[in-house]
Amino acid sequence: MGRDIVAWCAARGFTVTLADLDKKALAGAVGRASKFYDDKLHSGIERRDALDRLIPDFLSGGISRADIVIEAIAEDADVKKKVFAQIAPRMKEGALLATNTSSIPLETLREGLPSPERLVGVHFFNPVTKMELVEIVSHDQASEETLARARAFCGDINRLPAPVRSSPGFLVNRALTPYLAEAFLLLDEGVAKGTIDRAARDFGMPMGPIELADQVGLDIGLHVADSLKALFPAEVPDIPGWLREKVENGELGKKSGKGLYDYDDKGKPRKKDAPEPEPDTADRLILPMLNICVRLLREGVVADANTLDAAMIFATGFAPFRGGPIHYARERGLDDVVEALQRLEQRHGPRFKPDEGWNSLSAL
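This is the structure:
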């Protein structure tokens, strides 16, 4: 994602340096940015200026001059902390250290940092150039100035900052994982992938969970699901073995040309007609997401229902006409949602158990 973050920031007027251990990766990033600018910027002058602002940094010299350094490497806490140990001493006084981690708590990543008050989560969503939301992740040692500057940075690059508290998976991935995992379980039960995606689209989602998993990347989805499964075993169903096999075989989704769908040379999934979904298929997909959203409100990971609803719409495409998960639950009727969860719990197990936060949701 780092190459798309720098491409977008340079397009929005920032001078950006991009460092990587692999020089070929830097060349590929510039090529990818050039194609994006050719497609999206209106004049040759704009394209030239954007490319001038995007600087491949073979010696990582830009770190000492940057106002904000964004880490966007592998989703591995130990690897990230090793990189932080190398770059933090080289950063100028007052510069922000931002991590694009999608699920690792910042309390873990700040260990050993000389200035943990300047560490902040700036979590972009894929594809960076299209997704308008960025989670601004706080922790109890982050300064208010750091958080305010991170939010302002999002505004400067025309992105919507959603303040969330550090917690495994934060808001969006924590809520989205049960939705995707339930889709994998339906596949494991023999339901056609086109049927699963159709149930979600009929509800109002812009794409189904199978196609979304391919879009995100099966490797990333598996990592997040494994992490959350270990911490919250009741929330996430068991991950099918075939998903691990796909990742091990390099079938990672759209980015590799093959995942749950196969993709043509234009990056479009090859789909077949599929049977209509069963009546409760949409509830099996959507209601676990609502249940987690209620829990995140109760836990204070997100401050209020309006922020949560907006974040889920802009980051996941949650059916916009339904107003977001909490608004939809209220419109449908909180008692009806709880009763539907209880029916699903009886049929399919404790992962559908209604969260205790439903009892107090009407007061929020």
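Residue numbers for the sequence shown follow the working numbering, so the first one is 299 and each next one is one higher. Where is the CB? At the ideal position from N, CA and C, for every residue including glycine. The model shown is predicted, which means the values in this text are computed figures rather than measured ones.
Beta-bridge pairing of residue i - partner residues as DSSP gives them
{"i": "GLY419", "result": "THR397, VAL435"}
{"i": "PRO459", "result": "VAL432"}
{"i": "PRO354", "result": "LEU316"}
{"i": "GLY551", "result": "LYS556"}
{"i": "PRO567", "result": "TYR561"}
Between the CA atoms of residue j and residue i - distance to the nearest angstrom
{"i": "GLU409", "j": "ASP500", "result": "45 Å"}
{"i": "LEU407", "j": "ASP376", "result": "8 Å"}
{"i": "LEU324", "j": "ALA498", "result": "38 Å"}
{"i": "ASN456", "j": "ARG641", "result": "43 Å"}
{"i": "LEU541", "j": "LEU516", "result": "8 Å"}
{"i": "ALA638", "j": "ASP602", "result": "24 Å"}
{"i": "ALA317", "j": "ASP374", "result": "18 Å"}
{"i": "GLU549", "j": "VAL462", "result": "32 Å"}
{"i": "LEU443", "j": "GLU546", "result": "Checking the sequence shown, residue 443 turns out to be Glu, not Leu. Approximately 43 Å, taken between the alpha carbons."}
{"i": "GLU480", "j": "ARG472", "result": "13 Å"}
{"i": "ALA386", "j": "LEU469", "result": "27 Å"}
{"i": "ILE584", "j": "VAL489", "result": "16 Å"}
{"i": "GLY615", "j": "LYS428", "result": "11 Å"}
{"i": "GLY502", "j": "PRO573", "result": "18 Å"}
Residue i, enclosing beta strand (DSSP E) - first and last residue
{"i": "ILE366", "result": "366–369"}
{"i": "LEU558", "result": "No beta strand (DSSP E) holds LEU558; DSSP gives it neither H nor E."}
Run of the alpha helix (DSSP H) containing residue i, from where it starts to where it stops
{"i": "LEU339", "result": "It is not in any alpha helix (DSSP H) - LEU339 carries neither H nor E in the DSSP assignment."}
{"i": "PRO623", "result": "623–630"}
{"i": "THR406", "result": "404–407"}
{"i": "GLU509", "result": "507–514"}
{"i": "LEU484", "result": "470–486"}
{"i": "MET587", "result": "579–597"}
{"i": "PHE451", "result": "442–454"}
Cβ-Cβ distance between residue i and residue j below 8 Å
{"i": "ASP653", "j": "ASN604", "result": "no"}
{"i": "ILE368", "j": "ALA396", "result": "yes"}
{"i": "ASP607", "j": "GLY622", "result": "yes"}
{"i": "LEU510", "j": "LEU478", "result": "yes"}
{"i": "VAL534", "j": "LYS527", "result": "yes"}
{"i": "PHE356", "j": "LYS321", "result": "yes"}
{"i": "LEU458", "j": "GLU430", "result": "yes"}
{"i": "ARG351", "j": "ALA308", "result": "yes"}
{"i": "ARG649", "j": "ALA532", "result": "yes"}
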